[in-house]
Amino acid sequence: MARRSVPVLKQLLSNSPILNQTRSVTYMPRPGDGAPRAVTLIPGDGIGPLVTGAVEQVMEAMHAPIYFERYDVHGDMKRVPEEVMDSIRKNKVCLKGGLATPMGGGINSLNMQLRKELDLYASLVNCFNLPGLPTRHENVDIVVIRENTEGEYSGLEHEVVPGVVESLKVITKFCSERIAQYAFEYAYLNNRKKVTAVHKANIMKLADGLFLESCREVATKYPGIQYNEIIVDNCCMQLVSKPEQFDVMVTPNLYGNLVANTAAGIAGGTGVMPGGNVGADHAIFEQGASAGNVGNDKLVEQKKANPVALLLSSAMMLRHLQFPSFADRLENAVEQVIKEGKYRTRDLGGHSTTQEVVDAVLAALD
Amino acid sequence: MVTPNLYGNLVANTAAGIAGGTGVMPGGASAGNVGNDKLVEQKKANPVALLLSSAMMLRHLQFPSFADRLENAVEQVIKEGKYRTRDLGGQSTTQEVVDAVLAALD
């Protein structure tokens, strides 16, 4: 019983993105927990290699008990190479830079392929205000949990007659139930008070209606957690005017994409929000929102991409691997750098290069 | 911005939200929102959006000078800031805002 409660306690203590320097409960590892874990690393395209390089440097400096198995994957490949898939299946955990998705042309997104084949059915983004980075809104701390495998991203389109295209949005009880279950379980384990389901069931009565039904059923199993529903258009408006009302949000695929980006935007930008994708057996950590965004050529040339999002995501990964003190050190160092405000990339209003920010983080590590 | 149906719904609401709220934007963001019972009872709904939409309607009917007068009156009331409904941070009732607009008409 005591052993089972340790992960729960750790999760409860890790709920706050702003961590205290001291922990009130020390983590008692099992013998052998310090053995280095292998993590698959996919630098990817564009700014991907730049930001994964940042993570590698910081992990090395902390002597974190992980080692990376790096694989070259690019967005214009037809499929993710089988050896990469095997590596992820073996290691269970992967860190990814970003894979560009070509538009049109019948090439499926490799990001989607990874999610579907590994059944990473939950995408999670934590959007919160960072001290030292003021935005128009305060007290923002939203976790968007997005169904990652079906919905509008089923990839089922056909041209009925020339000039008329039909696109199928697929919603299943199975997927809706498990994403709702994950959202409530996350809220429970992280001491969150409220789960909001985002939908447009007034128009898509059957599809979004089924999603809502599944959320309601799961909500009854967690009477201690508040549950409410919001139509997606009103949700967008509320996000940009009163975001402090939201806590955990559970959404189908497309709305989650939009809500996550909006929430990231109001809280500081997609360059700083951490997140990842998780399923029953595997987890891939990457930049929280807009993970398909690999920057533009200028950013790559000038090496000015923002490494903060991936650094914070790798901290989430360290907790997932049950190395909480390394996660704490990493997060504290990053937050200190942001607070001091001297080294910031352009999306945060500064002029620093990626390496300058990384050096500042390395210097701030204790 | 030109958008397909769903994205337009979301983008319009987001844009309305950042520019002042769906209570003031003419056109039709959140047209399905009929408020709540409390708003109806207390008669505190914001008439600005529909007033500005009706000015658009007057122009559509080719009565531009009436549209101008209506828009100027509404904008003056918002600018002065004395009569505002709750979604704009004030406490006025619908009728108080309307009376202010009537007074501002030339």
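Top to bottom, those sequences are chains D and G. Here our numbering is used: the first residue of the first sequence is 17, the next is one more, and so on. Here our numbering is used: the first residue of the second sequence is 158, the next is one more, and so on. Each residue gets a CB set at the ideal place from its N, CA and C atoms; glycine is no exception. What you are looking at is a predicted structure, and each value in this text was computed from that prediction instead of being measured.
In DSSP terms, what residue i is bridged to
i, result
"D/E245", "D/A213"
"D/Q303", "D/P290"
"D/A138", "D/E163 and D/V294"
"D/L57", "D/R86 and D/L111"
"D/C143", "D/I158"
"D/S183", "D/E173"
"D/T267", "D/R162"
Counted within 10 angstroms of its Cβ, other Cβ atoms place residue i as buried (16 or more) or exposed
i, result
"D/T370", "buried"
"G/Q219", "exposed"
"D/R360", "buried"
"D/S40", "Reliability of the predicted coordinates at D/S40 is poor, the pLDDT of 49 falling under 50, and no value is obtained from them."
"D/N36", "Because D/N36 carries a pLDDT of 46, less than 50, the predicted location of this residue cannot be relied on, and the following value inherits that uncertainty. D/N36 is exposed by the Cβ-count criterion."
"D/I222", "Residue identity differs from the one stated: residue 222 of chain D is Leu in this sequence, not Ile. D/L222 comes out exposed."
"G/A176", "exposed"
"D/L346", "buried"
"D/S183", "exposed"
"D/D344", "buried"
"D/T165", "buried"
"G/L262", "exposed"
"G/S222", "exposed"
"G/M158", "exposed"
"G/V254", "buried"
"D/R152", "exposed"
"D/R131", "buried"
"D/K106", "exposed"
"G/N170", "buried"
"D/A296", "exposed"
"D/R95", "exposed"
"D/F8", "Residue 8 of chain D cannot be examined here, being either before or after the span of chain D that is shown, 17 to 382."
"D/E163", "buried"
Three-state secondary structure assigned by DSSP to residue i
i, result
"G/V159", "coil"
"D/V275", "helix"
"D/M78", "helix"
"G/M182", "coil"
"D/M220", "coil"
"G/T251", "helix"
"D/H174", "strand"
"D/M332", "helix"
"D/T188", "coil"
"D/P150", "coil"
"G/V191", "coil"
"G/S222", "helix"
"D/K314", "helix"
"G/N166", "helix"
"D/A51", "coil"
"D/Q338", "coil"
"D/R362", "helix"
"D/N206", "coil"
"D/I354", "helix"
"G/A261", "helix"
"D/E168", "coil"
"D/Y238", "coil"
"D/M44", "coil"
"G/D244", "helix"
"D/D92", "coil"
"D/T369", "coil"
"G/P204", "coil"
"D/G13", "Lying outside 17 to 382, the shown extent of chain D, residue 13 of chain D is not represented and no answer is given."
"D/L381", "coil"
"G/K236", "helix"
"D/F428", "Nothing can be reported for residue 428 of chain D, as the shown portion of chain D is limited to 17 through 382."
"G/N229", "helix"
"D/A321", "coil"
"D/N309", "coil"
"G/G177", "coil"
"D/G284", "coil"
Test: residue i CB closer than 8 Å to a CB of chain C
i, result
"G/N229", "The chain inventory of the structure shown lacks chain C, comprising the protein chains D and G."
heavy atom of the ligand COA below 7 Å from residue i C-beta
i, result
"D/V55", "Judged by which ligands are present, the structure shown has none, so any question about the ligand COA falls away."
Would you check if the segment 173-184 of chain D and the segment 224-241 of chain D touch, i.e. whether three or more CB-CB distances between them fall below 8 Å?
Short answer: they don't touch.
3-residue-minimum beta strand (DSSP E) runs that sit fully inside the segment 98-132 of chain D, ordered along the chain:
For the segment 98-132 of chain D, whole beta strand (DSSP E) runs of length 3 or above, ordered along the chain, are 109-114.
Check whether the segment 278-287 of chain D and the segment 256-269 of chain D touch, using three or more Cβ-Cβ pairs below 8 Å as the test.
The segment 278-287 of chain D is in contact with the segment 256-269 of chain D.
Using 8 Å as the threshold, is the segment 140-148 of chain D in touch with the segment 284-300 of chain D, meaning 3 or more CB pairs across them?
The segment 140-148 of chain D makes contact with the segment 284-300 of chain D; the number of CB pairs closer than 8 Å reaches 3 or more.
Between the segment 44-64 of chain D and the segment 347-359 of chain D, do at least 3 Cβ pairs fall closer than 8 Å?
Counting Cβ pairs under 8 Å, fewer than three are found: no touch.
Check whether the segment 93-102 of chain D and the segment 233-253 of chain D touch, using three or more Cβ-Cβ pairs below 8 Å as the test.
Contact between the segment 93-102 of chain D and the segment 233-253 of chain D is absent, because fewer than three Cβ pairs lie under 8 Å.
Would you check if the segment 237-248 of chain D and the segment 213-221 of chain D touch, i.e. whether three or more CB-CB distances between them fall below 8 Å?
The segment 213-221 of chain D vs the segment 237-248 of chain D: in contact.
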